[in-house]
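Shown next, in C-alpha cells, is the structure this report addresses.
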Ligand code: SF4
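So this is what it looks like as C-alpha cells:
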C-alpha cells in the first residue's frame, strides 16, 4: 500500500481525478521540462466526456505557462478509461516533449514515460487479513502499525483537519449560485441555520449541512480534502468537523481516527479502485463511507474486529452505486450523496457495535473489497463518470 498521506490531499475542486490530477501532472511536466510557449492537452475517456463540467480545461490552461489547446477526444485507444496526452511545443510549433498521463483516482496519477516514486509502496501487507495477522503477531495496535510506517503522519493529518474545518467554515457561511449551467443555489448555510433553530439538537441535519458545505465548496472550485476523492470529500470532512466542533473531541484523537479510516481507504485503493471512472460511485462515496465508518467506530471505542466490521458494512451497502453526474458537474447526485453518506457511516458504526455482540460477521472487509472491484468491472461505461447514463441521461431528456 502507498502512504496514507497520498490518500488525504488538499486540492481545488470539483474533482480529484478531473482537476487535481491534471493540475499535478501539468505542474510536474513544467518542473521536469521547463516552460514552453505552446502546449496541447488531448483528453481521453472520462476526462474528455465530463472534463467540461469538471472544469478540466480551465485548470490545465491555468496551470501551464504557455498558450494551451485542450482537445476533448472522442476516439481513443487507451484501455484505461481516464487520462490525457500532454505535449509541449517550441516557438516553431515543433513537438518537444510528450507524456501520457493516467488519472487513477483521488488525484493520483501515473505517467507512462515518467515513473513516479509517489506511487512507491510504504506498507508491505496486501490486505486487511495480512495487517491483522501482523499486528496480532507483534502485539501492537492498528495505530502502532500505521505510525511505525509513517512517523510524520500525525502532524500531516493535523494540517488536513485544519483544511477540512476551513472548508466547512467557508461552505456554511457562503451564499450564492454554484458555477455551471445547472444554476444551483448553495444551500449548506440554510441547512445549518435550521439545525441550530431546533430546540432539540438535530445531529443528522447538522452532519448533512457540513457535508453539503464541503460538497458545495468543492463544486465551486474551492480548496477541499480528498477523502478519498474530491467528489466524495463531504463524508469524512463532515465527520471530522462535527466531532471537532459539536463534540469537542481532541485533535490527537481525530488524527488517529483519520489514520484508521485511511487504512481502509488505502486497502480499497490498492485492491479495487477509488476512481468513479473505473468503478462507479461505489469507489468514491462508497469508499468514503467505509473510511468514515471505520473512523466513527474507532471514535466510539470499538475494537479492531468491530472497526473492520463497520468498514465492511459500509462498503457492502454501497455496492453497485453508479456514477452519473448531471451535465458532468459534481453536484447532482454528488452533494446529496455525500450528506447521506456521512449518516450511513455512523449507522454502519452503530450496527457493528451492537451486531458484533450478537454474532460474528461472515463477510470480511477483504471479501467486500474484491466484490466491489468485480462489480465495478460489470458497471457499464455509461454509468462510470461519462454522464451518458442514469440521472445524467434522464435529466437531459426532461429538458
Ligand atoms: S456520482 Fe459519485 S463518483 Fe460520480 S462524480 Fe459524483 S461523487 Fe464522483
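Residue numbers (the working numbering): 787 to 1185. Don't be surprised by glycine CBs; every beta carbon is placed ideally from N, CA and C.
Residues near residue i in its chain [Cβ-Cβ closer than 6 Å; skip 5 each side]
| i | result |
| --- | --- |
| residue 1035 | 1029 |
| residue 827 | 846, 856, 870 and 872 |
| residue 883 | 819 and 874 |
| residue 915 | 1152 |
| residue 1041 | 940, 943 and 944 |
| residue 898 | 886 |
| residue 1012 | 795, 802, 892 and 893 |
| residue 1125 | 994, 997 and 998 |
| residue 793 | 1014, 1048, 1051 and 1052 |
| residue 949 | 796 and 1011 |
| residue 966 | 1115 |
| residue 1123 | 1071 |
Residues near residue i in its chain [Cβ-Cβ closer than 7 Å; skip 5 each side]
| i | result |
| --- | --- |
| residue 1161 | 1068, 1105 and 1106 |
| residue 1120 | 1001, 1017 and 1111 |
| residue 936 | 789, 790, 791 and 908 |
| residue 930 | none |
| residue 993 | 1024, 1028, 1128 and 1129 |
| residue 830 | 859, 862, 864, 869 and 870 |
| residue 959 | 975 |
| residue 982 | none |
| residue 1102 | 1149 and 1154 |
| residue 1131 | 1021, 1025, 1075, 1078, 1079, 1082 and 1100 |
| residue 973 | 998 |
| residue 951 | 1027 and 1030 |
| residue 913 | 1053, 1057 and 1152 |
| residue 813 | 849 |
| residue 879 | 824 |
| residue 1063 | 803, 831, 832, 867, 868, 1170 and 1171 |
| residue 1186 | Outside the shown range of the chain (787 to 1185) lies residue 1186, about which nothing can therefore be said. |
| residue 1032 | 992 |
| residue 1144 | none |
Residue i: CB within 7 Å of a non-hydrogen atom of the ligand FMN
| i | result |
| --- | --- |
| residue 808 | Within the structure as shown, the ligand FMN is missing, the only ligands being the ligand SF4. |
Contacting residues, own chain, Cβ-Cβ under 8 Å from residue i (five flanking each side not counted)
| i | result |
| --- | --- |
| residue 1092 | 1083, 1138, 1139 and 1142 |
| residue 1058 | 1065, 1069, 1155, 1156, 1158, 1159 and 1162 |
| residue 853 | 823, 824 and 825 |
| residue 808 | 827, 833, 842, 845, 846, 849, 870, 887 and 889 |
| residue 881 | 873, 874 and 875 |
| residue 821 | 851 and 852 |
| residue 963 | 969, 970, 971 and 972 |
| residue 1167 | 867 and 1174 |
| residue 1181 | 1112, 1113 and 1118 |
Unbroken alpha helix (DSSP H) run spanning residue i, endpoints
| i | result |
| --- | --- |
| residue 1186 | Past the boundaries of the shown model lies residue 1186; the chain is included only from 787 to 1185, so the question cannot be answered. |
| residue 1044 | 1037 to 1057 |
| residue 1180 | 1176 to 1184 |
| residue 1071 | 1071 to 1085 |
| residue 970 | Here residue 970 belongs to no alpha helix (DSSP H), and DSSP marks it neither H nor E. |
| residue 1064 | 1062 to 1065 |
| residue 1173 | Taken as a continuous stretch (DSSP letters only), residue 1173 belongs to no alpha helix (DSSP H), as it is neither H nor E. |
| residue 943 | 939 to 959 |
| residue 1160 | 1151 to 1164 |
| residue 988 | Segment: none, residue 988 is in no alpha helix (DSSP H) and carries neither H nor E. |
| residue 760 | What the structure shows of the chain is the stretch from 787 to 1185, and residue 760 is not part of that stretch, so it cannot be assessed. |
| residue 1016 | Segment: none, residue 1016 is in no alpha helix (DSSP H) and carries neither H nor E. |
| residue 928 | 928 to 935 |
Unbroken beta strand (DSSP E) run spanning residue i, endpoints
| i | result |
| --- | --- |
| residue 1009 | 1009 to 1011 |
| message | Under 8 Å: do the region 1011 to 1022 and the region 790 to 807 share three or more Cβ pairs, one atom per stretch? | response | Under the three-pair Cβ rule at 8 Å, the region 1011 to 1022 counts as touching the region 790 to 807.
| message | At 4 residues or longer, what runs of the alpha helix (DSSP H) sit wholly inside the region 838 to 925? | response | Qualifying alpha helix (DSSP H) stretches, in chain order: 842 to 849 and 914 to 924.
| What runs of the alpha helix (DSSP H), each 4 residues or longer, lie entirely inside the region 788 to 833? | Here the runs fully enclosed are 807 to 819.
| If we count Cβ pairs, one from each stretch, closer than 8 Å, do we get three or more for the region 1020 to 1029 versus the region 1142 to 1161? | Flag = no, the region 1020 to 1029 and the region 1142 to 1161 do not touch.
| task | Mind the definition here: the region 1068 to 1077 touches the region 1049 to 1057 only if three or more C-beta pairs lie below 8 Å; say whether that holds. | result | Taking 8 Å as the limit for Cβ pairs, the verdict is that the region 1049 to 1057 does touch the region 1068 to 1077.
| What are the start and end residues of each continuous beta strand (DSSP E) run of 3 or more residues lying completely inside the region 1089 to 1144, in chain order? | Counting only runs of 3 or more, we get nothing.
| Is the region 895 to 906 touching the region 833 to 852, taking contact as three or more C-beta pairs under 8 Å? | The region 895 to 906 is not in contact with the region 833 to 852.
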